[in-house]
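Engineer:
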Amino acid sequence: MVQEGHWVRQIVDQILARGDQKIVIHTGKTPSGPIHIGAEREQFICSAIQIELERRGYESTFNFIIDSYDPLKSVPAGIEVPKGFEEHIGKPLSSVPDPYSCHESYAKHFAEEFNSCQGRLGVYPNVIYSHELYRRREMKDAIRTVLRKLDELRMIRKKYVQGEEHEEDHGDGWNPVMVVCERCGRIASKKEEIAPNRLDWWNLDEDTAGYKCTSCGYQGRGRISELDLKLSWRVDWAAKWAIFRVSCEPAGKDHCVKDGAYDMGLEVCWRIFGYKGPLKVPYEWLTLGEHAMKTHKGITFTPHEWLRIAPPECMRYMILNADPMRHIAFLPERIPEIVDGFDRLERIYFDAETPPSGEDPQYYKDLYELCVVGHVPERVPARLPYRFCAIIVQLEPLFGWEKVLKKSMEYLRRLAGGAEPSERERTDAEERLKMAKNWVESYAPPTLKFRISKELPAYRPCNEMERSFIERLISLIEQDLPEAELQNEIFNSARSVGLEVGKAFSLVYLILLGAERGPRL
23 MVQEGHWVRQ IVDQILARGD QKIVIHTGKT PSGPIHIGAE REQFICSAIQ IELERRGYES
83 TFNFIIDSYD PLKSVPAGIE VPKGFEEHIG KPLSSVPDPY SCHESYAKHF AEEFNSCQGR
143 LGVYPNVIYS HELYRRREMK DAIRTVLRKL DELRMIRKKY VQGEEHEEDH GDGWNPVMVV
203 CERCGRIASK KEEIAPNRLD WWNLDEDTAG YKCTSCGYQG RGRISELDLK LSWRVDWAAK
263 WAIFRVSCEP AGKDHCVKDG AYDMGLEVCW RIFGYKGPLK VPYEWLTLGE HAMKTHKGIT
323 FTPHEWLRIA PPECMRYMIL NADPMRHIAF LPERIPEIVD GFDRLERIYF DAETPPSGED
383 PQYYKDLYEL CVVGHVPERV PARLPYRFCA IIVQLEPLFG WEKVLKKSME YLRRLAGGAE
443 PSERERTDAE ERLKMAKNWV ESYAPPTLKF RISKELPAYR PCNEMERSFI ERLISLIEQD
503 LPEAELQNEI FNSARSVGLE VGKAFSLVYL ILLGAERGPR L
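Per the numbering used here, the sequence shown runs over residues 23 to 543.
#1: Smallest Cα separation from residue 301: which of 28, 26, 35?
#2: Give me the Cβ distance between residue 199 and residue 155, rounded to the nearest whole Å; I'm assuming they're in contact under 8 Å.
#3: For residue 432, is the classification buried or exposed, using 16 other Cβ atoms within 10 angstroms of its Cβ as the cut-off for buried?
#4: Mapping DSSP to helix, strand and coil, what is residue 86?
#5: Do residue 401 and residue 364 have their CB atoms nearer than 8 Å?
#6: Nearest to residue 392 by CA position, among 420, 334, 411, is which residue?
#7: Count the CB pairs spanning the segment 282-296 and the segment 87-106 that are closer than 8 Å, and state whether there are at least three.
#8: Less than 8 Å between the CB atoms is what I'm expecting for residue 236 and residue 211, so what's the real figure, rounded?
#9: Could you work out which residue in 329, 374, 148 is closest to residue 357 when comparing CA atoms only?
#10: For residue 246, which residues of its own chain have a beta-carbon under 6 Å away from its beta-carbon, when the five flanking residues on both sides are left out?
#11: For residue 72, count the other beta carbons within 10 Å of its own beta carbon; 16 or more makes it buried, fewer makes it exposed. Which is it?
#12: Starting from residue 305, follow the beta strand (DSSP E) in both directions and report where the run begins and ends.
#13: Go ahead and label residue 458 buried or exposed: buried means 16 or more other beta carbons lie within 10 angstroms of its beta carbon, across all protein chains shown.
#14: Taking only the alpha-carbon atoms, compute the straight-line gap between residue 135 and residue 308 and give it to the nearest angstrom.
#15: From residue 46 to residue 145, what does the alpha carbon distance come to, in whole angstroms?
#16: Quick check on the DSSP output: what are the complete alpha helix (DSSP H) runs of length 4 or more inside the segment 347-393, in order along the chain?
#17: Mapping the DSSP letters down to three states, classify residue 276 as helix, strand or coil.
#18: Tell me the DSSP secondary structure of residue 208 in three-state form.
#19: Please work out which residues of its chain come closer than 6 Å, Cβ to Cβ, to residue 438, disregarding the five sequence neighbours upstream and downstream, and give them in chain order.
#20: Ignore the nearest five residues each way along the sequence and tell me which others in residue 277's own chain have a CB closer than 6 Å to its CB.
#21: Determine the extent of the alpha helix (DSSP H) in which residue 222 is found, giving its start and end residues.
#22: Nearest CA to the CA of residue 49: which residue from 411, 516, 305?
#23: In three-state DSSP terms, what is residue 408?
#24: Return the bridge partner residues of residue 270 from the DSSP annotation.
#25: I believe residue 115 touches residue 143 by the beta-carbon criterion, under 8 Å. Please report the beta-carbon distance rounded to the nearest angstrom.
#26: May I have a chain-ordered list of the alpha helix (DSSP H) segments no shorter than 4 residues that lie completely inside the segment 46-123?
#27: Quick check: the Cα distance between residue 240 and residue 206, rounded to an integer number of angstroms?
#28: Alpha carbon to alpha carbon, how far is residue 523 from residue 517? Give it in angstroms, no decimals.
#29: What residues match up with residue 313 in a beta bridge as DSSP calls it?
#30: Find the nearest neighbour of residue 322 within the set 415, 98, 419, judged by alpha-carbon distance.
#31: Buried or exposed: which applies to residue 26, given that a residue is buried once 16 or more other Cβ atoms fall within 10 Å of its Cβ?
#32: What does the Cβ neighbour count give for residue 497, buried or exposed, with the cut at 16 atoms within 10 Å?
#33: With distances taken from CA atoms, which of 492, 514, 443, 519 is nearest residue 531?
#34: To which residues of the same chain is residue 320 closer than 6 Å at the C-beta, ignoring the five residues directly before and after it?
#35: Output needed for residue 187: all residues of its chain with C-beta closer than 8 Å, excluding positions within five of it in sequence on either side, in chain order.
#36: Just verifying my parser: in three-state terms, what is the DSSP assignment at residue 330?
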């Protein structure tokens, strides 16, 4: 039997079937540069899980781990850095200075840039920085457990990574405990392969360990409780699952393949740390058109940029309307289509429009409630269509912003059935106009862009019919008529002088825009 409603219901069913005393949802990201909207897929899945759990009466904790203890491997394309900044390669991101000098570290700059958008997007996690987490007793104990069970861990690892092209060796001398050099501050060398510093020796009875830095050659030693230590990422992942008793963590499809990193993490979590591990929820990529978004190559589109051009609910709609294992190819040019889709969903929710034939109505009800940021409105809101906004904002140079706003509010009033729009509806309309203006300036295709001259262009009519029509058109423009009435009067004027309607509208566009076609008047 096919389950009704949104796909998140099935995920929550599986979480509840685990019988966890506390439900903990996890996700994480390395702030190696600007964090793109692909990371929102994981955030929104976690957010949707939390909303569905709350709907069923269950509390949950949602943690977002910022992997600030990972090393800086390269300076991403497009980031302006001071001269000599490459000297910081190999240091933990939490120790690398902010290239823009506005945050305490490189990690904080890009993490805060991302996190500052999450509330507006309806995502409210507990943010945990890994460099701070590693100072806690639980992580030190996890490191001691790893060293104590190292032989068993090596056997597990050989099952999953033997034969892979991997930056780490596969020998029996491998251990996953890395250390930040006390002298040069690096956790990995400056070489291209980013060879990590490993512990050379340790004595658990005395709680001491030592290392030789692969970058500067320094030989250090100290107490395990005092050295700056870190686990390699697959073991680190499992340790966090065990420490936080994670119930569910979504992950990209590359990690979730059979016998991949996630499966290794689950086995390490159980056999080394004694916890069964979380429910695995794989998801497909969200790409920028045909291109995978990669921070180090500068191929990104950030949440901050989205919020500059489109409403937050519409990003949630784009992502949560797709099954997690369905690829999403996003292009900024598609923003009007995405916003139209959300507006249609809203009308379906309030029974102002019927869902497509054969579709599950409950799915649309669920989806809308997962997309709305804040409270669900009591009735269907009057919203300015995004394409209308994209057209009317281009009239600002001719009429000024106040008149654009006035005309937009008149149209909003008609959409509201003649009723006065609420404060929320007016605010939403103004925000859409500003977003659409930004979108037109940055992303609109040529077919939607136009420029109206303040002076009528020189045009020589071909015959008396055209001359008569143009005289009437000038009179109509001066009357500042509503859209529908203007359309009708143009039709009537063309017919009255015997001019073909198609030719008449070509003249309108030619006179107003300098081209024979354009957007709807």
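Virtual Cβ for every residue (Gly too), placed ideally from N, Cα, C.
Structural biologist: Judging by the given coordinates:
#1: Working through the sequence shown from its first residue, we reach residue 301 at position 279. Answer by Cα proximity: 35.
#2: Within the sequence shown, numbered from 1, the residue matching residue 199 stands at position 177. Within the sequence shown, numbered from 1, the residue matching residue 155 stands at position 133. Not a contact, Cβ separation roughly 15 Å.
#3: Your numbering for residue 432 matches position 410 in the sequence shown. Residue 432 should be labelled exposed.
#4: The sequence position of residue 86 within the sequence shown is 64, counting from 1. It is a strand residue.
#5: Within the sequence shown, residue 401 is the residue found at index 379, counting from 1. Within the sequence shown, residue 364 is the residue found at index 342, counting from 1. Taking 8 Å as the Cβ cut-off, residue 401 and residue 364 do not qualify as a contacting pair.
#6: By one-based count along the sequence shown, residue 392 stands at place 370. Looking at the Cα atoms, 334 is the closest of the given residues.
#7: no
#8: One-based indexing of the sequence shown puts residue 236 at position 214. One-based indexing of the sequence shown puts residue 211 at position 189. Right, the Cβ-Cβ distance comes to about 4 Å (below 8 Å), so this counts as a contact.
#9: In the sequence shown, the residue the question calls residue 357 occupies position 335. The option with the nearest alpha carbon to residue 357 is 329.
#10: Counting from one through the sequence shown, the residue named residue 246 turns up at place 224. Excluding positions up to five away in sequence, the list reads 229, 231.
#11: Counted from its first residue, the sequence shown places residue 72 at position 50. Label assigned to residue 72: buried.
#12: Translated into the one-based positions of the sequence shown, residue 305 becomes position 283. Unbroken beta strand (DSSP E) run through residue 305: 301-305.
#13: Here the question's residue 458 lines up with position 436 in the sequence shown. Flag for residue 458 reads buried.
#14: Numbered from its first residue, the sequence shown carries residue 135 at position 113. Numbered from its first residue, the sequence shown carries residue 308 at position 286. Going by the C-alpha atoms only, they are around 20 Å apart.
#15: If you number the sequence shown from 1, residue 46 lands on position 24. If you number the sequence shown from 1, residue 145 lands on position 123. Between residue 46 and residue 145, the C-alpha separation is close to 15 Å.
#16: 357-371, 383-393
#17: Position 254 of the sequence shown, counted from the first residue, corresponds to residue 276. In this structure, residue 276 counts as helix in the three-state DSSP scheme.
#18: Position 186 of the sequence shown holds residue 208. DSSP places residue 208 in coil when its eight states are reduced to three.
#19: Your numbering for residue 438 matches position 416 in the sequence shown. Counting only Cβ-Cβ distances below 6 Å, and skipping sequence neighbours, we find 404.
#20: If you number the sequence shown from 1, residue 277 lands on position 255. Excluding residues within five positions, the ones whose Cβ falls inside 6 Å are 283, 284.
#21: Locating residue 222 in the sequence shown gives position 200, counting from the first residue. Unbroken run through residue 222 is the beta strand (DSSP E), 221-225; no alpha helix (DSSP H).
#22: Position 27 of the sequence shown holds residue 49. Ranking the options by Cα distance to residue 49, first place goes to 305.
#23: Counting from one through the sequence shown, the residue named residue 408 turns up at place 386. Three-state result, residue 408: helix.
#24: Taking the first residue of the sequence shown as 1, we reach residue 270 at position 248. DSSP lists 47, 301 as partners of residue 270.
#25: On the sequence shown, residue 115 is found 93 positions in, with the first residue counted as 1. On the sequence shown, residue 143 is found 121 positions in, with the first residue counted as 1. Contact flag wrong, Cβ pair sits at about 23 Å.
#26: 61-77
#27: Here the question's residue 240 lines up with position 218 in the sequence shown. Here the question's residue 206 lines up with position 184 in the sequence shown. Looking at the two C-alpha atoms, the distance is approximately 8 Å.
#28: On the sequence shown, residue 517 is found 495 positions in, with the first residue counted as 1. On the sequence shown, residue 523 is found 501 positions in, with the first residue counted as 1. Between residue 517 and residue 523, the C-alpha separation is close to 7 Å.
#29: Within the sequence shown, numbered from 1, the residue matching residue 313 stands at position 291. DSSP, once it has assigned bridges, lists 310 as partnering residue 313.
#30: Locating residue 322 in the sequence shown gives position 300, counting from the first residue. Checking every option, the nearest Cα to that of residue 322 belongs to 98.
#31: Translated into the one-based positions of the sequence shown, residue 26 becomes position 4. Label assigned to residue 26: exposed.
#32: Position 475 of the sequence shown, counting from 1, holds the residue named residue 497. When all chains shown are included, residue 497 counts as exposed.
#33: Here residue 531 refers to the residue found at position 509 of the sequence shown. The shortest C-alpha separation from residue 531 is found at 492.
#34: Residue numbering aside, residue 320 sits at position 298 when the sequence shown is read from its first letter. Answer for residue 320: 98, 99, 100, listed in chain order.
#35: For the purposes of this step, residue 187 is taken as the residue at position 165 of the sequence shown. In this prediction, residue 187 scores a pLDDT of 45, lower than 50, which makes its location untrustworthy; no coordinate-derived value is stated.
#36: Translated into the one-based positions of the sequence shown, residue 330 becomes position 308. It is helical.
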